[in-house]
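Sequences listed follow chains R and H, in order.
The first sequence begins at 1 in the working numbering and counts up one residue at a time.
The second sequence begins at 1 in the working numbering and counts up one residue at a time.
Beta carbons: idealized from backbone N, C-alpha and C, even for Gly.
Below is one structure, written out as structure tokens; comments come after it.
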Amino acid sequence: MRDPRWWQIFSLALLLGYGWWALDFDQPLLGVAAILICGLVAQWVGSKWAAVTAYDPRSALISALSLCLLLRSDDVLILACASVLAIASKFLIRWNGKHVFNPTNFAIGVMLLTGAAWISPAQWGSRTWSAFLFASLAGLVLNRAKRADIALAFLSTFLGILLARALYLGDPWAIPLKQMQSGALLLFAFFMISDPKTTPDRRSIRIAYGVLVAVVAGYLQFVEYRPQALIYALFFTSPIVPLLDRLYPVSQERRYLWANPTV
Amino acid sequence: MQMPMALIVLAASVLAAAPPASAFCGFYVAKADAKLFNRSSKVVVARKDERTVVTMASDYQGDPKEFALIVPVPTVVSRDQIRITENSLIDQLDAFTAPRLVEYFDHDPCAYQTAAGSNFGLLYAMGVAARDAALLPPARRAEALGIKIEAQYTVGEYDILILSAKQSDGLSTWLTEEGYRIPAGAAPVLGSYIKQGMKFFVAKVNLKERDRLGFQYLRPIQVTYDTHKFMLPIRLGTVNADGAQDMVVLLLTANGRVETTNYRTQRIPSNVALPSFAKEEFGSIYKAVFDTQVQKDGMKAVYLEYAWNVAWCDPCAADPIPNDKLAELGAFWLANPSPAPSAGPAGIQRVPGRTMLTRAGNAFITRLHVRYDAQNFPEDLMFQETADTTTFQGRYVLHHPFKGPVSCSNGEEYRKLLGIRRTLEAEGLARLTGWELPAIADKMKKASQPIEARPGQP
Numbered sequence: 001m002r003d004p005r006w007w008q009i010f011s012l013a014l015l016l017g018y019g020w021w022a023l024d025f026d027q028p029l030l031g032v033a034a035i036l037i038c039g040l041v042a043q044w045v046g047s048k049w050a051a052v053t054a055y056d057p058r059s060a061l062i063s064a065l066s067l068c069l070l071l072r073s074d075d076v077l078i079l080a081c082a083s084v085l086a087i088a089s090k091f092l093i094r095w096n097g098k099h100v101f102n103p104t105n106f107a108i109g110v111m112l113l114t115g116a117a118w119i120s121p122a123q124w125g126s127r128t129w130s131a132f133l134f135a136s137l138a139g140l141v142l143n144r145a146k147r148a149d150i151a152l153a154f155l156s157t158f159l160g161i162l163l164a165r166a167l168y169l170g171d172p173w174a175i176p177l178k179q180m181q182s183g184a185l186l187l188f189a190f191f192m193i194s195d196p197k198t199t200p201d202r203r204s205i206r207i208a209y210g211v212l213v214a215v216v217a218g219y220l221q222f223v224e225y226r227p228q229a230l231i232y233a234l235f236f237t238s239p240i241v242p243l244l245d246r247l248y249p250v251s252q253e254r255r256y257l258w259a260n261p262t263v
Numbered sequence: 001m002q003m004p005m006a007l008i009v010l011a012a013s014v015l016a017a018a019p020p021a022s023a024f025c026g027f028y029v030a031k032a033d034a035k036l037f038n039r040s041s042k043v044v045v046a047r048k049d050e051r052t053v054v055t056m057a058s059d060y061q062g063d064p065k066e067f068a069l070i071v072p073v074p075t076v077v078s079r080d081q082i083r084i085t086e087n088s089l090i091d092q093l094d095a096f097t098a099p100r101l102v103e104y105f106d107h108d109p110c111a112y113q114t115a116a117g118s119n120f121g122l123l124y125a126m127g128v129a130a131r132d133a134a135l136l137p138p139a140r141r142a143e144a145l146g147i148k149i150e151a152q153y154t155v156g157e158y159d160i161l162i163l164s165a166k167q168s169d170g171l172s173t174w175l176t177e178e179g180y181r182i183p184a185g186a187a188p189v190l191g192s193y194i195k196q197g198m199k200f201f202v203a204k205v206n207l208k209e210r211d212r213l214g215f216q217y218l219r220p221i222q223v224t225y226d227t228h229k230f231m232l233p234i235r236l237g238t239v240n241a242d243g244a245q246d247m248v249v250l251l252l253t254a255n256g257r258v259e260t261t262n263y264r265t266q267r268i269p270s271n272v273a274l275p276s277f278a279k280e281e282f283g284s285i286y287k288a289v290f291d292t293q294v295q296k297d298g299m300k301a302v303y304l305e306y307a308w309n310v311a312w313c314d315p316c317a318a319d320p321i322p323n324d325k326l327a328e329l330g331a332f333w334l335a336n337p338s339p340a341p342s343a344g345p346a347g348i349q350r351v352p353g354r355t356m357l358t359r360a361g362n363a364f365i366t367r368l369h370v371r372y373d374a375q376n377f378p379e380d381l382m383f384q385e386t387a388d389t390t391t392f393q394g395r396y397v398l399h400h401p402f403k404g405p406v407s408c409s410n411g412e413e414y415r416k417l418l419g420i421r422r423t424l425e426a427e428g429l430a431r432l433t434g435w436e437l438p439a440i441a442d443k444m445k446k447a448s449q450p451i452e453a454r455p456g457q458p
């Protein structure tokens, strides 16, 4: 299994199962089915439309599983729409061979802005062991995806913000510690922001971008009091990635390519 | 014939989402034990867009001279943003949303005709969020300590101060000098709020006004402000608190269910069949259910006990609350709805299956119950409103066996099933409450509902 995406699919499916059985996730089977089927069908239609050589479900599966984990609605149609939106954004919002938005982030961002659906940032609870579970699973993915740099840049900056805030406010360490032990945070860092298709090509710029997303997220969470700060931070900063790639290009060979380049 | 898979899935999810919609024509039996949960408080939060209305109930029983309340608020509040309301309104909302016990009576297994009746017990939690006392506040010393008295009002029986401060030491010194008993360890928490730009709402009882108004109890204080921060400050209450406290937060919103974003919100176990002695002991049973759940989750979660549109209920633990009363509880968007041309006066309509409010406005109630202490809940409660309009209630079910003579072949079958059902009920109760199975069996026996159904006696 050379392709790291299989590992991602495996980890996401495992997390979904864990959330379902152990944490009583608010995602009925019908919702999961709607998201997966619509995502895969949208990918198939998109592949035909874009005349890509072969239909490859892996990327669509990753987006769909991430949506299952994060997005909540009491209306299956909305979940289905979100899944189609995620995949469509890959085909329609593109620049220089890369899609601009992480598909899951795009769909969730749009759904949150319209108020049609919601995410439950605290659904994972804050027990340490579940954080460890995440970390180890995520580590597995990263070792294969070789994009640990942006995830670590983001995470360390965000943790820095949490600690600095606690220090400034004179809060007990229990507060930043609790904020760190968040499944949503790790999921975001390791499965969303580190998407190779939507991060800057050059490593130094990628790291700087990770820092930027963390700063924007910190601002939205602690100054604007937006509980969906992480999603919005990536959503609103994604459009500058094509600009960064243009200002700081890398040679074509060094651009990240999956084993079988598809959409 | 086999059902296709998709159909089975659909049916299962529908069942999971909605309570069984059997015909409820029934009556209501209240069993409202006050103070079921010790050291508990009740807050109503209504919010639409940025406007937030917080109503704090108090069942403070001590000397009113000794009563004071200190609440961090996100903005300076003006005189007309403070109201005094009635405990009865909050109690009504509390009763309406409380976990409920539903009774069903088995039909004659030998008859085709059905006849169902039902009644419900309920319980609720209430409490006080009291701080300690004060004398009169002069402003000069305040300035020296970096405290600004932003505003000062007498509203109803309360004297109210809105304070802003530069630093926590100054604030706690001033409060102490003014006679407020600030718990040791409060200064850092006050400091954190000061740095987050919060103001402080301080209320104490104006004895003269109280005597003039003639109230023997303290009425709830309601504060309105516009803020991004959809939150409830709980940290001051946990400083120096001896053990955990309970809080019931009743949230009124325009669209859907509310949940906490920094602590997991989970549903309280619901729709469980209980042995019939539960009717007499429902209060202590629900308390045990809650205790057990909190223990199981390591006191890390916030529990959803009720989520429903205000317009109707099924079964109803209390009558639906009309718009004007909800508006008084803070749901300001219901205050003056444009009346539909054909509609008559607002009222309550009972149809088989549900009790509905005619001409109801659009509002959703969420009831959250949290047990918290400083260790497990270091942060204030942060909320978000979701688009979720799925109904949920803490609902426990009693099935009473048919009492008449049973002399058909169905009757034998019925008796057998009854035995199985009782065992399941006992096990369900044991699982929910952590009570020992033999003790439950003993109680069932005393209630003439032994676990093994004896032949000839259902």
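Asked, Found
"Residue closest to residue 150/R, alpha-carbon to alpha-carbon, out of 30/R, 122/R and 210/R", "210/R"
"Spatial neighbours of residue 400/H in its chain, beta-carbon cut-off 8 angstroms, leaving aside the 5 residues before and after", "103, 104, 105, 106 and 276"
"Residue 243/R versus residue 97/R - alpha carbon distance", "13 angstroms"
"Residue 25/R vs residue 123/R beta-carbon contact at 8 angstroms", "yes"
"Members of the stretch 160-175 of chain R that neighbour chain H once the beta carbon cut-off is set at 7 angstroms", "168, 169, 170, 171, 172, 174 and 175"
"Boundaries of the beta strand (DSSP E) in which residue 248/H is found, first to last residue", "245-253"
"Contact list for residue 146/H against chain R, beta-carbon separation under 9 angstroms", "Near residue 146/H there are no residues of chain R at all, since even the closest Cβ is about 16 angstroms away, more than 9 angstroms."
"Exposure label - residue 236/R; buried when at least 16 CB within 10 Å", "exposed"
"Test: residue 227/R CB closer than 8 angstroms to a CB of chain H", "yes"
"Proximity to residue 148/H [Cα-Cα], best of 157/H, 194/H, 158/H and 318/H", "194/H"
"In chain order, each beta strand (DSSP E) run of at least 3 residues that lies wholly inside the stretch 378-403 of chain H", "381-385 and 395-400"
"Residues, ordered as in the chain, of the stretch 52-74 of chain R that lie near chain H by beta-carbon distance below 8 angstroms", "72, 73 and 74"
"8 angstroms Cβ cutoff, residue 99/H in contact with chain R", "no"
"Residue 36/R: first and last residue of the uninterrupted alpha helix (DSSP H) it sits in", "29-50"
"Alpha-carbon to alpha-carbon, residue 297/H and residue 444/H", "29 angstroms"
"Minimum Cβ-Cβ distance from residue 249/R to chain H less than 8 angstroms", "no"
"Neighbour-count burial assignment, residue 21/R, 16 or more Cβ in a 10 Å radius", "exposed"
"Distance, residue 234/R Cα to residue 240/R Cα", "10 angstroms"
"The stretch 38-47 of chain R in contact with the stretch 77-88 of chain R per 3-pair CB rule at 8 angstroms", "yes"
"Separation of residue 425/H from residue 410/H, as counted between CA atoms", "22 angstroms"
"Residue 421/H - DSSP class collapsed to helix/strand/coil", "helix"
"Sequence-distant residues of the same chain with beta carbon closer than 7 angstroms to residue 93/H, five excluded per side", "44, 250, 321 and 329"
"Cα-Cα separation between residue 368/H and residue 63/R, rounded to whole angstroms", "33 angstroms"
"Short CB-CB distance (under 8 angstroms) between residue 189/R and chain H", "no"
"Where the alpha helix (DSSP H) through residue 41/H begins and ends", "No alpha helix (DSSP H) holds residue 41/H; the beta strand (DSSP E) holding it covers 40-48."
"Neighbouring residues, chain R, relative to residue 262/H (Cβ below 7 angstroms)", "122"
"Chain R contacts made by the stretch 53-82 of chain H, where a contact means CB separation under 8 angstroms", "none"
"Residue environment, residue 366/H, which counts as buried when at least 16 other CB atoms sit within 10 Å", "buried"
"Residues of the stretch 213-229 of chain H with Cβ closer than 9 angstroms to any Cβ of chain R, in chain order", "227, 228 and 229"
"Cutoff 8 angstroms: residue 21/H Cβ touching any chain R Cβ", "Residue confidence for residue 21/H is low, a pLDDT of 28 falling below 50, so the modelled location carries little weight; the figure read from the coordinates is stated next. Cβ-Cβ to chain R under 8 angstroms: no for residue 21/H."
"Proximal residues to residue 135/H (C-beta, below 7 angstroms), its chain only, five neighbours per side dropped", "Bear in mind that a pLDDT of 39 at residue 135/H, under 50, signals an unreliable position, so the model cannot answer this."
"Chain H within 8 angstroms of residue 17/R, Cβ atoms only", "no"
"Reduced DSSP category for residue 350/R - H, G, I as helix; E, B as strand; rest coil", "This structure leaves residue 350/R out entirely; chain R is present only between 1 and 263."
"Cutoff 8 angstroms: residue 116/R Cβ touching any chain C Cβ", "Considering every chain present, this structure includes no chain C. Its protein chains are R and H."
"Interface flag, residue 427/H vs chain R, CB-CB below 8 angstroms", "no"
"Option nearest residue 374/H by Cα separation, candidates 403/H, 237/H and 203/H", "237/H"
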